[in-house]
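Position in the sequence shown counted from 1, then plus 1003, gives you the working numbering. Cβ atoms here follow ideal geometry from the backbone N, Cα and C, with glycine treated the same way.
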Amino acid sequence: MLEFIGRALLGALEFILDLWLIRTVRRGRGRPSRHVAEDAANLALWEWLILPIYAAAAVLAGFLMRAAGIPLFFCVAIPGVAVLIGALRQFRKRMDL
């Protein structure tokens, strides 16, 4: 039970720090400020949209490793790089960075 509470608190802290970082980067680049609730909603939506993409990358990595006989490094690197590039592009667009 304590582990669950600790992970929940760490998740909330991570979300707050991500939100603070996004607002700091936007302010540093001279972008207009938005309301905190709007930024929080966009960040939460982005995190919930990216989780299924991570799951799909894991399934693809498993498929590549098992069916195609590709070494583990490439099974993780190929989907991982694709997911990373796509996620960063969507993140910049969504957060108006």
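Asked                                                                                           : Found
Buried or exposed by the 16-neighbour rule on C-beta atoms within 10 Å, applied to residue 1088 : exposed
Pair within 8 Å by beta-carbon distance, residue 1042 and residue 1022                          : yes
Distance, residue 1069 Cα to residue 1094 Cα                                                    : 31 Å
Cβ pair residue 1053, residue 1080 closer than 8 Å                                              : no
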